[in-house]
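Residue numbers (my numbering): 68 to 448.
Virtual Cβ for every residue (Gly too), placed ideally from N, Cα, C.
Predicted model, so just to flag it, every value in this text is computed and none were measured.
Notes follow the structure.
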Ligand code: V47
Ligand code: SF4
């Protein structure tokens, strides 16, 4: 139980709600953002996390494919994309080149490929269906988590198919689930300033809702710590919580800390580590119907991701194997993000948690608690 003596009555009321399993309101959430100390929100989030999963922390063995960084859109926070006119500065992979990446993992115990990239005007629905089929033919057991709602919105509109038709087509080709990207901040006041030209909130939510109705799971992200206000974060999470009430199709919520390197928002300072941890904790408290909360370590840095395990986070994403450039190009500390299973296990054990290797859908593959890795071992330098 959390010690509430000495707390302001309105914060005590929130602590009571959390400890009796009641949902907090938007006003409660605003109060947490404005007045909740890290210790207070952290202990509530930890209470919820331990009620949900005990001391388990999940990770998986995965790699990314980024088919292209050429993009028809111009999100101001993006450090990674190049317009079609400047495509000579970027990359465009063929199916053969991508299959070469997949084959690199032959015989290795990888369970997931995460495919996400820019929105290339010439890579269409058929191209991506062919890619998924080729991967599945080569490695049927590999789970394909692919394409953000932004990519789907563009490819379905271009192919003149409905969201349902497009998703059914790709599921038949091998799509396993949908990553959480492209959500950014749903509220139009902010969305128009940071990514005006891509799919809006309703379009993003419709794609995820349709996917859930078709029986596949997805994740949801929120790009935080830039020009948004607390009210916009709450609006964003409320829309996700409402959809999750209807479908139960989201697996995990992933707050993504805005990194300001090499983009059109480089003048916007990055959020502090305390604010990042408070964000994780408050998301854990507010999103009571999301089973998991992920700290994406390539964006946060491994030590901060480790710290977040005390603030409601139960998932660290995966081994990655230096296969994504989105964050290194935005100035993140992890310039070649790779962690071995041993490093992830040690990181989790150092936080005095139980490391669990999972598949994409959170089925447990291996419990590493009894593994002979010394929790005090220094692997973080
Ligand atoms: O939507 C782009 C973000 C996202 C920056 O579902 C930035 O498991 C911070 O969604 N600073 C794509 N963030 C990545 C993504 C993701 C990552 C890991 C796991 C999962 C999952 C999904 O990357 C974009 C955008 O929000 N992003 N630029 C930046 N400068
Ligand atoms: Fe394109 Fe995605 Fe970058 Fe936006 S965030 S410019 S949609 S690659």
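Comparing C-alpha positions only, which one of the options sits nearest to residue i?
| i | options | result |
| --- | --- | --- |
| residue 386 | 281, 405, 370 and 377 | 405 |
| residue 291 | 88, 87 and 144 | 144 |
| residue 217 | 131, 374, 193 and 253 | 253 |
| residue 431 | 124, 165 and 159 | 124 |
| residue 173 | 396, 184 and 205 | 205 |
| residue 119 | 240, 284, 85 and 413 | 85 |
| residue 169 | 397, 424 and 388 | 388 |
| residue 346 | 248, 215, 419 and 375 | 375 |
| residue 268 | 284, 215, 357 and 283 | 215 |
Within the same chain, show all residues whose beta-carbon is closer than 7 angstroms to that of residue i, passing over the 5 residues directly before and after it, in chain order.
| i | result |
| --- | --- |
| residue 220 | 266, 270 and 274 |
| residue 77 | 98 |
| residue 159 | 135, 137 and 187 |
| residue 122 | 420 and 421 |
| residue 341 | 105 |
Quick one: what's got a C-beta closer than 6 angstroms to residue i's C-beta in the same chain, skipping five residues either side?
| i | result |
| --- | --- |
| residue 112 | 348, 351, 352, 378 and 379 |
| residue 95 | 81 |
| residue 279 | 314 and 316 |
| residue 302 | 254 |
Please find out if some non-hydrogen atom of the ligand SF4 comes closer than 6 angstroms to the beta-carbon of residue i.
| i | result |
| --- | --- |
| residue 148 | yes |
| residue 217 | yes |
| residue 102 | no |
Look at the alpha carbon of residue i and the alpha carbon of residue j, and state the distance between them as a whole number of angstroms.
| i | j | result |
| --- | --- | --- |
| residue 181 | residue 209 | 10 angstroms |
| residue 281 | residue 235 | 8 angstroms |
| residue 264 | residue 141 | 7 angstroms |
| residue 416 | residue 369 | 13 angstroms |
| residue 258 | residue 162 | 33 angstroms |
| residue 403 | residue 364 | 12 angstroms |
| residue 319 | residue 238 | 20 angstroms |
| residue 329 | residue 212 | 28 angstroms |
| residue 68 | residue 75 | 17 angstroms |
Compute the minimum distance between the beta carbon of residue i and the heavy atoms of the ligand V47, and state whether it is under 6 angstroms.
| i | result |
| --- | --- |
| residue 405 | no |
| residue 140 | no |
| residue 144 | yes |
| residue 214 | no |
| residue 130 | no |
| residue 306 | no |
Residues in its own chain within less than 8 angstroms of residue i by CB, not counting five upstream and five downstream?
| i | result |
| --- | --- |
| residue 256 | 299 |
| residue 276 | 310, 313, 314 and 316 |
| residue 101 | 297 |
| residue 233 | 192, 219, 222, 223 and 226 |
| residue 114 | 69, 85 and 86 |
Bridge partners for residue i per DSSP, in chain order?
| i | result |
| --- | --- |
| residue 301 | Partner(s): none; residue 301 has no beta bridge. |
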